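> Residue numbers (this note's numbering): 64 to 392.
Would you mind keeping the following structure in view while I ask a few things?
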């Protein structure tokens, strides 16, 4: 049975992009039209929409979520405006390389781009017939980026998204695992988090991938690397695996919870902050060596935590965005 289905949580399905189930084709980007697409949902309730990811765009904060909703704030989350978005599909991830240039991914293999800090978005790529959501996006520059998602699909661009090339990343058993998250280490290696305990590394900018030996057989939902080079992969049921040799060997680190972690953030002071279901927050002040639970009283589902300029925190997920109290530097 698919390990995602075993969780039995409707919210987890949503947070993961409601997964449905490749490659080598270069596809044009700008001017793409998604047949039958409607603009993002609008109305008085958009501020309470399910938000699945958020990122800094310079001093601006940009969040993405269900029904194509993109919100942005220029006052560190006190007030929010809705961006102009040409599609109403669920958006799952957002990433910026500077204050102006950003990308977002979503269902129907949608990739959106912005050149004005997230106020207006254009559709670079969409493929409803592929029948997969894209779940994470990472750009190392304004031209070079990767987007990953369902059934092993991984899209690459070297021209800022004018064209996207799709490849399918397969396990040793030729299984196209869902790819949940991507991260780049200080050494220049890329890491992928996938289902069924599968982790990958690329040492050539994402052109080829090596499956790594993992200590856990459940789904990994994301991976992050610390400034010291430790790789931290977080998973369902509170599991966390770390590697100190660029992914060659891994060990499990106890977190004290069985709640699934959906995202990781490095605080301004270097702490690793994990967030997930039922208000679960786990913090490591020693680079992933150990974790302390900091669960919130309102047991909402967190998709992303983001630290503000003043050191306080915003939580994105079920019910939109809200400030939370965390004693994390």
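We put the CB at the ideal spot given by N, CA and C, even for glycine.
No experiment lies behind these values; they were computed from the predicted model shown.
Give the C-beta separation of residue 147 and residue 131 to the nearest angstrom, bearing in mind that I take them to be a contact with Cβ-Cβ under 8 Å.
The beta-carbon separation of residue 147 and residue 131, rounded to 10 Å, does not stay under the 8 Å limit for a contact.
> Assess, as a yes-or-no matter, whether the segment 192 to 207 is touched by the segment 137 to 146 under the definition of 3 or more beta carbon pairs within less than 8 Å.
Too few Cβ pairs lie closer than 8 Å, so no.
> At a cut of 8 Å, does the segment 339 to 357 reach the segment 298 to 313 through at least three beta carbon pairs?
yes
> Between which two residues does the beta strand (DSSP E) carrying residue 136 extend?
Run containing residue 136: 133 to 136, per the beta strand (DSSP E) assignment.
> Comparing C-alpha positions only, which one of 382, 125, 239, 371 sits nearest to residue 391?
371
> For residue 373, does the count of other Cβ atoms within 10 angstroms reach 16, so buried, or fall short, so exposed?
exposed
> In terms of residues, what are the limits of the beta strand (DSSP E) holding residue 219?
216 to 220
> Reducing DSSP to helix, strand and coil, say where residue 384 ends up.
Of the three classes helix, strand and coil, the one that applies to residue 384 here is strand, per DSSP.
> Quick one: give me the first and last residue of the beta strand (DSSP E) that residue 284 is part of.
283 to 288
> Buried or exposed: where does residue 322 fall if 16 or more other Cβ atoms within 10 Å of its Cβ makes it buried?
buried
> Could you tell me which residues DSSP puts in a beta bridge with residue 297?
285, 303
> Please return the same chain residues whose Cβ sits closer than 7 Å to the Cβ of residue 291, not counting the five positions on each side in sequence.
350
> Whole angstroms is fine: what's the gap from residue 352's alpha carbon to residue 258's?
23 Å
> Distance check for residue 183 and residue 382, CA to CA, integer angstroms please.
Straight-line Cα distance between these residues: approximately 23 Å.
> Beta strand (DSSP E) containing residue 244: first to last residue?
242 to 247
> Look up residue 319 in the DSSP assignment and say whether it is helix, strand or coil.
coil
> Please name the residue or residues paired with residue 275 in a DSSP beta bridge.
262
> Checking contacts by CB at 7 Å: is residue 282 closer than that to chain C?
Considering every chain present, this structure includes no chain C. It has just one protein chain.
> What are the partner residues of residue 378, as DSSP defines its beta bridges?
Residue 378 is bridged to 368, 385.
> Can you tell me which of the three DSSP states residue 355 falls into?
strand
> Less than 7 Å separating the beta-carbons of residue 378 and residue 365?
yes
> In the DSSP assignment, the beta strand (DSSP E) including residue 391 goes from what residue to what residue?
No beta strand (DSSP E) holds residue 391; DSSP gives it neither H nor E.
> So, helix, strand or coil for residue 114, using DSSP?
strand
> For residue 249, which option in 107, 308, 120 has the closest C-alpha, if you only look at C-alpha atoms?
308
> Tell me whether the beta-carbon of residue 219 lies closer than 7 Å to the beta-carbon of residue 269.
yes
> State buried or exposed for residue 111, treating a residue as buried only when at least 16 other CB atoms are found within 10 Å of its CB.
Exposed is the call here.
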